[in-house]
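Colleague: Note that our numbering has the sequence shown beginning at 1, numbered continuously upward.
Ideal Cβ positions, reconstructed from N, Cα and C, are used throughout, including at glycine.
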Amino acid sequence: MRIGMFSWESLYSIKVGGVAPHVSELSEALAKRGHEVHIFTRRGDFESYDRINGVHYQREDVEASGDILVQMNRMGDALYDRFTAAQKLFGKFDIVHGHDWHPVLSLTRIKQDYNQPFLITMHSTEWGRNGNHFGYGISQEISHREWLGCYEASLVIVTTRCMMDELMWIYSLPEEKIRIIPNGIVSGKLRRELDAGRIKERYGIHPLAPLVLFCGRMSIQKGPDLLVEAIPHILRARPDARFIFIGEGGMRGECERRARELGVADACRFLGYAPSAEKQDLINACDLMCVPSRNEPFGVVVLEAWDACKPVVATDAVSIIKNFEDGLLAYVQPESIAWCINRLLANPVEMKKIARAGCSRIDAEFSWDRIAKRTEDVYKEVLEGRNLG
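Take a look at the structure:
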């Protein structure tokens, strides 16, 4: 099959968040299965065209001025034109596959002008990114584009049942139009042998102090403020515990201020953006990963922790964890998060047990080849003309 992937980010263009590795690594796995895959995306600092790991990258310059809607309007026009040119050069595409709301305008134009059905993977919703609240203005228009993409798509892919329920509730999407395919990770991608104590010392942390790591956007959706509020409860049980926050976002300043108000700033390190090598070091050096999300469509950071054989404490918004088997699930409240973290820090045997259980699921459930095969099956459904929008 000749497959066109449409995304505003990838690993080899502009990288924003978790959609980037999903798009690139899924495309590479599909290419290994014999398909011709083209990623249509923004250019950034890369060449207009590349072939990397068997995947064709079709990149377009998109002016960054104006709000996000104006930028995505420009991207929609640019990717549509690039698709038209690529189709003339390479031949007709069998599958068009978009990711999230950003490329929806190009997808709907392609459907209309070329009678080419598309499918879309919804990695999250605007409602979820707003911390389970509906927005206005720009946020409302983004929600409309999410609805439009789901309505016009032949099939919609989500990564969890939780995300499926969310789409059915918000956008009245029929269950028979949705397919669940989990996210994936390259096994061993994060795992690294290192001296954890040396890594901790870089940040002024005692080598033997338990380190809790938060890794994600500093946003209401990801809940870093919930972990900050939990820290006093944790320090009462483990005064030596330390906390590192990796990530940028609108809540960073608020979290730093709140840590000072609570008197726990000395136990916290707010790093902002961290290069991938530094992030990898910290995932391997930490004692525990905390995922305190208010809304979590999947939780790639959980796979990253499992890949490094680290235990995870998350809120019950994270649906891939089996509670007390491969992680602990807390309520979306600081006291519950603190209880789970304190339980694990007090029980190193249990920490190792759930870390090993999570690690064992990587190859069994979340390999990209397995996910590419399931995605391929959905493509065949579209090609066979079933469930066309």
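Buried or exposed: which applies to Leu388, given that a residue is buried once 16 or more other Cβ atoms fall within 10 Å of its Cβ?
Modeller: Taking the first residue of the sequence shown as 1, we reach residue 388 at position 388. Below a pLDDT of 50, predicted positions are generally treated as unreliable, and Leu388, at 47, falls in that range; no measurement from the model is reported.
Colleague: In the DSSP assignment, find the unbroken alpha helix (DSSP H) run with Tyr136 in it and report its ends.
Modeller: In the sequence shown, counting from the first residue as 1, residue 136 sits at position 136. Per DSSP, Tyr136 belongs to no alpha helix (DSSP H) and is neither H nor E.
Colleague: Let me know the secondary structure DSSP gives Tyr49 once reduced to three states.
Modeller: Looking up residue 49 in the sequence shown gives position 49. Of the three classes helix, strand and coil, the one that applies to Tyr49 here is strand, per DSSP.
Colleague: Return the residue from the list Ile320, Pro311, Met289, Trp101 that minimises the CA-CA distance to Leu148.
Modeller: Position 148 of the sequence shown holds residue 148. For the residues Ile320, Pro311, Met289, Trp101, the minimum Cα distance to Leu148 belongs to Trp101.
Colleague: Quick check: the Cα distance between Val16 and His99, rounded to an integer number of angstroms?
Modeller: Here residue 16 refers to the residue found at position 16 when the sequence shown is read from its first residue. Here residue 99 refers to the residue found at position 99 when the sequence shown is read from its first residue. Going from the Cα of Val16 to the Cα of His99 covers about 13 Å.
Colleague: From Asp240 to Tyr273, what distance separates their C-alpha atoms?
Modeller: For the purposes of this step, residue 240 is taken as the residue at position 240 of the sequence shown. For the purposes of this step, residue 273 is taken as the residue at position 273 of the sequence shown. Rounded to whole angstroms, Asp240 to Tyr273 spans 25 Å at the Cα level.
Colleague: Going by DSSP in three states, Asn298 sits in which element: helix, strand or coil?
Modeller: Counting from one through the sequence shown, the residue named residue 298 turns up at place 298. Sequence check: residue 298 is Phe here, not Asn. Three-state DSSP puts Phe298 in coil, outside helix and strand.
Colleague: When DSSP builds the beta bridges, which residues end up paired with Leu329?
Modeller: Looking up residue 329 in the sequence shown gives position 329. Leu329 is bridged to Ala314.
Colleague: Our contact map puts Gly223 next to Thr315 with C-beta atoms below 8 Å; I'd like the distance itself, whole angstroms only.
Modeller: To locate residue 223, count along the sequence shown from 1; it is residue 223. To locate residue 315, count along the sequence shown from 1; it is residue 315. About 7 Å separates the two Cβ atoms, so the contact holds.
Colleague: Would you check if the stretch 6-15 and the stretch 56-72 touch, i.e. whether three or more CB-CB distances between them fall below 8 Å?
Modeller: Segments in contact, yes.
Colleague: Would you say the stretch 29-38 touches the stretch 117-134, given that touching needs at least three Cβ pairs under 8 Å?
Modeller: The answer is no - the stretch 117-134 does not touch the stretch 29-38, with fewer than three Cβ pairs under 8 Å.
Colleague: What number of angstroms, rounded off, separates the C-alpha of Pro207 from the C-alpha of Lys200?
Modeller: Numbered from its first residue, the sequence shown carries residue 207 at position 207. Numbered from its first residue, the sequence shown carries residue 200 at position 200. Cα-Cα distance, rounded: 6 Å.
Colleague: Give the straight-line distance between the Cα atoms of Phe93 and Asn53, rounded to the nearest whole angstrom.
Modeller: The residue you call residue 93 lines up with position 93 of the sequence shown. The residue you call residue 53 lines up with position 53 of the sequence shown. The alpha-carbon atoms of Phe93 and Asn53 are separated by roughly 20 Å.
Colleague: Which term fits Pro174, buried or exposed, when burial requires 16 or more other beta carbons within 10 angstroms of its beta carbon?
Modeller: The residue given as residue 174 occupies position 174 in the sequence shown. Pro174 is exposed by the Cβ-count criterion.
Colleague: Run the CB neighbour count on Pro275, radius 10 Å, all protein chains shown included, and call it buried at 16 or more, exposed below.
Modeller: On the sequence shown, residue 275 is found 275 positions in, with the first residue counted as 1. Burial call: exposed.
Colleague: CB Cys255 to CB Val291, shorter than 8 Å?
Modeller: Locating residue 255 in the sequence shown gives position 255, counting from the first residue. Locating residue 291 in the sequence shown gives position 291, counting from the first residue. No, these two residues do not count as a Cβ contact at 8 Å.
Colleague: With a cut-off of 8 Å on the beta carbons, I'd call Val212 and Asp113 a contact; round off their distance for me.
Modeller: The residue you call residue 212 lines up with position 212 of the sequence shown. The residue you call residue 113 lines up with position 113 of the sequence shown. About 52 Å; that fails the 8 Å criterion.
Colleague: Can the beta-carbon of Trp306 be found closer than 8 Å to that of Gly385?
Modeller: For the purposes of this step, residue 306 is taken as residue 306 along the sequence shown, with counting starting at 1. For the purposes of this step, residue 385 is taken as residue 385 along the sequence shown, with counting starting at 1. For Trp306 and Gly385, no; Cβs fall outside 8 Å.
Colleague: Do Ile337 and Ala330 come within 8 Å of each other at the CB atom, strictly closer than that value?
Modeller: Counted from its first residue, the sequence shown places residue 330 at position 330. Counted from its first residue, the sequence shown places residue 337 at position 337. Cβ atoms of Ala330 and Ile337: closer than 8 Å.
Colleague: Measuring alpha carbon to alpha carbon, tell me which residue in Leu345, Ser48, Gly250, Ile95 is nearest Leu30.
Modeller: Here residue 30 is taken as the residue at index 30 of the sequence shown, counted from 1. Closest by alpha carbon: Ile95.
Colleague: For Gly247, which of Arg269, Ala209, Met351 has the nearest alpha-carbon?
Modeller: On the sequence shown, residue 247 is found 247 positions in, with the first residue counted as 1. Residue Arg269 is the option with its Cα nearest to Gly247.
Colleague: Taking its Cβ as the centre, do 16 or more other Cβ atoms sit within 10 Å of Tyr171, making it buried, or is it exposed?
Modeller: Stepping through the sequence shown from its first residue, residue 171 is reached at position 171. Tyr171 should be labelled buried.
Colleague: Could you please give me the residues that DSSP links to Glu256 through a beta bridge?
Modeller: Within the sequence shown, residue 256 is the residue found at index 256, counting from 1. DSSP, once it has assigned bridges, lists no residue as partnering Glu256.
Colleague: Tell me the residue span of the alpha helix (DSSP H) that contains Ile110.
Modeller: Within the sequence shown, numbered from 1, the residue matching residue 110 stands at position 110. Taken as a continuous stretch (DSSP letters only), the alpha helix (DSSP H) holding Ile110 covers 104-114.
Colleague: Quick check on DSSP: helix, strand or coil for Asn183?
Modeller: One-based indexing of the sequence shown puts residue 183 at position 183. If DSSP states are grouped into helix, strand and coil, Asn183 belongs with coil.
Colleague: Nearest to Pro297 by alpha carbon, out of Ala230, Leu167, Val186?
Modeller: As a first step, residue 297 must be located in the sequence shown, where it is residue number 297. Looking at the Cα atoms, Leu167 is the closest of the given residues.
Colleague: Which residues in the same chain have their Cβ closer than 6 Å to the Cβ of Leu194, if we skip the five residues on either side of it in sequence?
Modeller: Taking the sequence shown and counting its residues from 1, one reaches residue 194 at position 194. Hits under 6 Å: Asn284.
Colleague: Could you pull out every residue in the same chain whose Cβ sits closer than 8 Å to the Cβ of Asn392, ignoring the five residues on either side in sequence?
Modeller: Outside the displayed span of the chain (1 to 389) sits residue 392, for which this structure offers no information.
Colleague: Determine whether the beta carbon atoms of Phe158 and Ile178 lie at a separation below 8 Å.
Modeller: Translated into the one-based positions of the sequence shown, residue 158 becomes position 158. Translated into the one-based positions of the sequence shown, residue 178 becomes position 178. The displayed chain sequence assigns Val, not Phe, to residue 158. Result yes, Cβ atoms of Val158 and Ile178 sit closer than 8 Å.
Colleague: Which complete beta strand (DSSP E) runs does the stretch 144-168 hold, if anything under 3 residues is left out?
Modeller: 156-158, all fully within the stretch 144-168.
Colleague: Measure how close the beta-carbons of Ile371 and Gly184 come, nearest whole angstrom, since I'm counting them as under 8 Å.
Modeller: If you number the sequence shown from 1, residue 371 lands on position 371. If you number the sequence shown from 1, residue 184 lands on position 184. Going by Cβ atoms, the distance from Ile371 to Gly184 rounds to 4 Å, so yes, they are a contact pair.
Colleague: State the Cα-Cα distance for the pair Asn130 and Ile3, rounded to the nearest angstrom.
Modeller: Translated into the one-based positions of the sequence shown, residue 130 becomes position 130. Translated into the one-based positions of the sequence shown, residue 3 becomes position 3. Taking the straight line from one Cα to the other gives about 32 Å.
Colleague: Which value, in whole angstroms, describes the spacing of the CA atoms of Arg198 and Arg42?
Modeller: Within the sequence shown, numbered from 1, the residue matching residue 198 stands at position 198. Within the sequence shown, numbered from 1, the residue matching residue 42 stands at position 42. When rounded, the distance between both Cα atoms is 39 Å.
Colleague: Measure the C-alpha to C-alpha separation of Asn132 and Glu126 and round it to an integer number of angstroms.
Modeller: The sequence position of residue 132 within the sequence shown is 132, counting from 1. The sequence position of residue 126 within the sequence shown is 126, counting from 1. For Asn132 and Glu126, the distance between alpha carbons rounds to 8 Å.
Colleague: Taking C-beta to C-beta, are Gly327 and Val312 nearer than 8 Å?
Modeller: Start at 1 with the first residue of the sequence shown, and residue 327 comes out as number 327. Start at 1 with the first residue of the sequence shown, and residue 312 comes out as number 312. Closer than 8 Å, so yes.
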